[in-house]
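Colleague: Count along the sequence shown from 1, add 4, and you get the number used in the working numbering.
C-beta atoms are modelled at their ideal positions from N, C-alpha and C, and glycine is treated no differently.
Computed from a predicted model, the values in this text were never measured in an experiment.
Shown below is the structure under consideration.
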Amino acid sequence: MSVAQGRLQPVDPAEPLLAGQGVNLSSLAHRAITDMIRDRRLKGGETIIEARLADTLGISRTPLREALQRLEGEGLVRKAANRSFVVRHVDLTEYLHSLKVREILEGEAAVLAIGAIPGAALAAVRHEIKGLMRAAAYHTHAHWKSDDNLHGLYIEHCGNPVMAEMILALRVTTRLFEIARLKDRVGPDSSEHLTILEALESGDRRAARLAVQAHCRSLRDHALATVR
5 MSVAQGRLQP VDPAEPLLAG QGVNLSSLAH RAITDMIRDR RLKGGETIIE ARLADTLGIS
65 RTPLREALQR LEGEGLVRKA ANRSFVVRHV DLTEYLHSLK VREILEGEAA VLAIGAIPGA
125 ALAAVRHEIK GLMRAAAYHT HAHWKSDDNL HGLYIEHCGN PVMAEMILAL RVTTRLFEIA
185 RLKDRVGPDS SEHLTILEAL ESGDRRAARL AVQAHCRSLR DHALATVR
């Protein structure tokens, strides 16, 4: 991977991904491994072979271990009994339970954020959603980025840092669930996100809560329809 405009970019898979970057290797490794987990190149429940991964990334074990420890703190990996790192696995039951709590907390966060979100931030997210809907090809990263930015509007501006931290932790859990046919969620997600955005823009607290709750229930229904 190379660094361009602050983002890791893919290169020839035969080359070490991070070697020679001249930047903080631990931070780059953290980003690279996060991408591998989100892209399912490292799957839930998979044991991370540190020597092999260090070789793939073209770095030593020290920055790799630092990155894995950071990921452990973020809930993306966990320590196994043999002290190796394993990608955290989230099953359907945990996903549904987490979504239910998100439904409650995010609905309240949206209400609390009304009037506190800068207009420019709302406009930027609207532009991003519209661009995702117009895109000819599907890109997982663009989908997740749009999702993070929409939800981040009210998480960041809810005025309750404890609530915000809880929601972010729950979003890590639900993101780890391996949603089937994720591409099929672009249309529903974008439409539901626009409904949430409109409620935030209009200052309608009741509509904002209901829109967030409806979105969480839509995610639940999609999971149940594709897993069972």
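(1) Exposed or buried, what is Ile133 when buried is set at 16 or more other beta-carbons lying within 10 Å of its beta-carbon?
(2) Between the beta-carbon of Thr233 and the beta-carbon of Ser88, is there less than 8 Å?
(3) Along the chain, where does the beta strand (DSSP E) containing Lys83 start, and where does it finish?
(4) Considering only residues of the same chain and omitting the five flanking positions on each side of Leu154, which have a CB-CB separation below 6 Å?
(5) Which residue from Thr178, Ala227 and Leu204 puts its Cα closest to that of Val216?
(6) Taking the alpha-carbon positions, what's the Asp193 to Lys149 distance?
(7) Is the beta carbon of Gly119 sitting closer than 8 Å to the one on Gly49?
(8) Secondary structure at Val231, three-state DSSP: helix, strand or coil?
(9) Go through its chain and collect everything with a Cβ distance to Val94's Cβ below 7 Å, but skip five positions before and after it.
(10) Just list the residues that DSSP pairs Phe89 with in beta bridges.
(11) Suppose you measure from the CA of Gly123 to the CA of Leu103; what does that come to, to the nearest Å?
(12) Is Arg67 buried or exposed, if buried means 16 or more other CB atoms sit within 10 Å of its CB?
(13) Buried or exposed for His131, going by 16 or more other Cβ atoms inside 10 Å?
(14) Which of the three DSSP states is assigned to Ala18 in this structure?
(15) Mind pulling the alpha helix (DSSP H) runs of 4 or more residues that sit fully within the stretch 98-176?
(16) Quick check: Ala127 and Leu136, are their CB atoms within less than 8 Å of each other?
(17) When DSSP builds the beta bridges, which residues end up paired with Thr51?
(18) Once the 5 residues before and after Glu54 are set aside, which same chain residues still bring their CB inside 8 Å of it?
(19) Near Cys220, which residues of its chain fall below 6 Å by C-beta distance, leaving aside the five closest residues on each side in sequence?
(20) Drop a sphere of 10 angstroms on the beta-carbon of Ser6, count the other beta-carbons inside from all chains shown, and report buried for 16 or more, exposed for fewer.
Modeller: For this structure:
(1) buried
(2) With the chain running from 5 to 232 in the structure shown, residue 233 is simply not present.
(3) Val81 to Lys83
(4) Val129 and His197
(5) Cα-wise, what sits closest to Val216 is Leu204.
(6) 12 Å
(7) Result no, Cβ atoms of Gly119 and Gly49 do not sit closer than 8 Å.
(8) helix
(9) Around Val94: Gly48, Thr177, Leu180 and Phe181.
(10) Lys83
(11) 28 Å
(12) It should be noted that the sequence gives Pro, not Arg, for residue 67. Pro67 counts as buried, since at least 16 other C-beta atoms from the protein chains shown sit within 10 angstroms of its C-beta.
(13) exposed
(14) At Ala18, the pLDDT of 34 sits below 50, so the modelled position is not reliable and the matter cannot be decided from this model.
(15) 123-138 and 144-160
(16) Going by C-beta atoms, Ala127 is not nearer than 8 Å to Leu136.
(17) DSSP links Thr51 through a beta bridge to Val90.
(18) Arg65, Leu68, Arg69, Leu72, Ser88 and Phe89
(19) Leu103, Arg106 and Glu107
(20) Because Ser6 sits at a pLDDT of 32, beneath the cut-off of 50, its placement in the model cannot be relied upon, and the following sentence gives the value as read from the coordinates. The residue is exposed, with fewer than 16 neighbouring Cβ atoms inside 10 Å.
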